[in-house]
Amino acid sequence: MAGARTRAGGRRGGWEDPAVRVRMHDDEVLVDEALVRALLRDQMPELADRALTVVEPWGTDNAIWRLGDDLVVRLPRIEWATGQVHRERSWLPVLAPHLSVPIPEPVAVGEPGRGYPWAWAVHRWLPGRPASFEDQRDPVRFAADLARFVAELRSVPTDGAPPARNRARPLREYDSATRTAIAGAAHLIDAAAALAVWEEALAAPPHPGPPVWVHGDLDGNCLLVDGRLGGVVDWGSACAGDPAVEVQVVWSNLFDDDGRRRFVDDLGVDDATLTRSRGAAINQACAALPYYLDTYPLIVERSWHKLAALGVGPATTTAGTRYRVSSPPVHDTRNPVPGVVQREDEIRDAPDRPGLEFVPVARRTQRDEAS
Numbered sequence: 334m335a336g337a338r339t340r341a342g343g344r345r346g347g348w349e350d351p352a353v354r355v356r357m358h359d360d361e362v363l364v365d366e367a368l369v370r371a372l373l374r375d376q377m378p379e380l381a382d383r384a385l386t387v388v389e390p391w392g393t394d395n396a397i398w399r400l401g402d403d404l405v406v407r408l409p410r411i412e413w414a415t416g417q418v419h420r421e422r423s424w425l426p427v428l429a430p431h432l433s434v435p436i437p438e439p440v441a442v443g444e445p446g447r448g449y450p451w452a453w454a455v456h457r458w459l460p461g462r463p464a465s466f467e468d469q470r471d472p473v474r475f476a477a478d479l480a481r482f483v484a485e486l487r488s489v490p491t492d493g494a495p496p497a498r499n500r501a502r503p504l505r506e507y508d509s510a511t512r513t514a515i516a517g518a519a520h521l522i523d524a525a526a527a528l529a530v531w532e533e534a535l536a537a538p539p540h541p542g543p544p545v546w547v548h549g550d551l552d553g554n555c556l557l558v559d560g561r562l563g564g565v566v567d568w569g570s571a572c573a574g575d576p577a578v579e580v581q582v583v584w585s586n587l588f589d590d591d592g593r594r595r596f597v598d599d600l601g602v603d604d605a606t607l608t609r610s611r612g613a614a615i616n617q618a619c620a621a622l623p624y625y626l627d628t629y630p631l632i633v634e635r636s637w638h639k640l641a642a643l644g645v646g647p648a649t650t651t652a653g654t655r656y657r658v659s660s661p662p663v664h665d666t667r668n669p670v671p672g673v674v675q676r677e678d679e680i681r682d683a684p685d686r687p688g689l690e691f692v693p694v695a696r697r698t699q700r701d702e703a704s
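Position 8 of the sequence shown, counting from 1, maps to 341 under this note's numbering, and the rest follow consecutively.
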């Protein structure tokens, strides 16, 4: 239920309160309950006395707080996310009538204040849990539901839509960024295998038609379920672009082989689009893995899974500072997926543990991805 996405505070898996204390970006603005409450009192006093609870999994671009039972407050953490507020305010009402799955309804936009430098938003709350494979009652039906949603979104007229950005652009427009991301993750992954996936994607025919509406960032955090697909949130990357960016979700940990086939078949994905989707997935995973290594274990786990689904394993070198890369059981036992990464010097019994691989790690200080 919706409560699985919120909590009032405390620690999570040994990590400090993520919405307040964990700095995921070197230049992000930290947002706490006192700031949110002060902004509401100044600008939306009728909402200021409602309960505030942190939404999990926490956002990388936005600090997200549930406000009472039916609203949510979204405050950009970092400058690159500031355009999302007005993009969602402008386009969510346009897209919603065309979609059978609920999407957020913008309620209000706040202004900078109390030292917070950017516009922020209040949306209507959507119930449901973030999607995961283990929580799906019928993974193939989930794949069919998501394919239908993507098809509906593609059918919306793109007149005036935001132009393609990030991974919704033609792959050659973010070739340099992807090669940089692969090089930046080479201490963690088999960079040669990742580069081979990318170059195969580059060689695929480009999207032959006009750009189509895409969400741009489909993953488990954005897809809400309660038995079936029940909502899609986080539309800050929405634009008109290459449909392959939506197909990359099939390489995530939301799909097994049967679900992947159903999504691809229902959506009529051709070989070229599927190959380009592998390139988009390589860009995302290679950029995210080192960047969030110390701050967001869930993204690390998802990145490892995506890389494994693409045939990219961990690096084999053991020189330098080392981290443990575990391989927990996953739903596809033919393709084990590395899981949580931990520093060797933080695990007293690490040298005696079987099934571990150590790789050298140096945390990145900037996010290199399609931009």
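For each residue, glycine too, the CB sits at the ideal point set by N, CA and C.
Beta carbon of residue i nearer than 7 angstroms to that of residue j
i      : j      : result
Pro409 : Pro463 : no
Gly564 : Pro430 : no
Ala396 : Val418 : no
Ala527 : Ile615 : yes
Asp589 : Pro472 : yes
Leu587 : Asp478 : no
Val578 : Ala613 : yes
Gly592 : Ala484 : no
Trp546 : Leu486 : yes
Asp627 : Ser585 : no
Asp559 : Gly461 : yes
Candidates the options, of which the one nearest residue i by Cα
i      : options                           : result
Asp567 : Thr393, Leu368 and Ala367         : Thr393
Ser488 : Leu643, Val440 and Pro576         : Pro576
Leu600 : Val580, Phe588 and Gln617         : Val580
Arg457 : Pro445, Ala484, Arg422 and Ser585 : Arg422
Glu438 : Ala452, Arg420, Arg595 and Ala381 : Arg420
Arg356 : Tyr629, Pro495, Pro378 and Val388 : Tyr629
Pro416 : Gly644, Val427, Pro378 and Cys572 : The identity of residue 416 in the sequence shown is Gly, whereas the question assumes Pro. Of the listed residues, the one whose Cα sits closest to Gly416 is Cys572.
Leu368 : Glu379, Trp398 and Val388         : Trp398
Val427 : Pro495, Ala605 and Pro544         : Pro495
Val442 : Leu504, Val387 and Gln376         : Gln376
Asp365 : Pro544, Phe466, Ala534 and Tyr449 : Tyr449
Val724 : Arg481, Glu379, Leu385 and Arg500 : Not covered by the structure: residue 724. The range shown for the chain is 334 to 704.
Gly432 : Val440, Leu404, Phe466 and Pro490 : What sits at residue 432 in the sequence shown is Leu, not Gly. Ranking Val440, Leu404, Phe466 and Pro490 by Cα distance to Leu432 puts Pro490 first.
Asn554 : Leu535, Pro503, Val388 and Leu380 : Val388
Ala648 : Pro544, Thr386 and Ala516         : Ala516
Pro503 : Arg474, Leu535 and Gln469         : Leu535
Gly372 : Gly401, Asp402 and Trp451         : The question names Gly, yet the displayed sequence has Leu at residue 372. That would be Trp451, whose Cα lies nearest to the Cα of Leu372.
Gln617 : Asp604, Thr606 and Trp531         : Trp531
Asp508 : Ala529, Phe466 and Glu361         : Ala529
Buried or exposed (CB count within 10 angstroms, at least 16 for buried), residue i
i      : result
Asp550 : buried
Ser610 : buried
Leu363 : exposed
Arg447 : exposed
Asp682 : With a pLDDT of 35 at Asp682, under the threshold of 50, the modelled position of that residue is not reliable, and the figure given next carries that caveat. Exposed, because fewer than 16 other Cβ atoms sit within 10 Å of the Cβ of Asp682.
Gly644 : exposed
Pro684 : Residue placement at Pro684 cannot be trusted, given a pLDDT of 36 that sits under 50; what the coordinates show is reported in the next sentence. Counting Cβ neighbours within 10 Å, Pro684 comes out exposed, since fewer than 16 surround it.
Glu444 : exposed
Ala414 : buried
Val597 : buried
Glu679 : Since pLDDT at Glu679 reaches only 38, below the 50 mark, its modelled position is unreliable, and no value is offered.
Ala646 : The question names Ala, but residue 646 is Gly in the sequence shown. It is buried - the Cβ of Gly646 has at least 16 other Cβ atoms within 10 Å.
Glu634 : buried
Pro378 : exposed
Arg374 : exposed
Ala501 : buried
Val674 : Note that Val674 scores a pLDDT of 40, beneath 50, so its modelled location is shaky and nothing firm can be said.
Ser636 : buried
Thr511 : buried
Ala384 : exposed
Arg595 : buried
Pro543 : exposed
Arg470 : exposed
Integer Cβ distance of residue i from residue j, believed to fall under 8 angstroms
i      : j      : result
His548 : Ser570 : 7 angstroms
Ala514 : Cys619 : 4 angstroms
Ala524 : Gly574 : At roughly 27 angstroms, the Cβ-Cβ gap does not stay under 8 angstroms, so Ala524 and Gly574 are not in contact.
Leu640 : Leu557 : That pair is no contact at about 25 angstroms.
Thr608 : Glu533 : 6 angstroms
Check: residue i C-beta below 6 angstroms from any heavy atom of the ligand MN
i      : result
Trp584 : With respect to the ligand MN, the structure shown offers nothing to examine, as it has no ligands at all.
- Is it a yes or a no for the region 616-625 touching the region 502-522, going by three-plus beta-carbon pairs under 8 angstroms? Three or more Cβ pairs closer than 8 angstroms define a contact, and the region 616-625 meets that threshold against the region 502-522.
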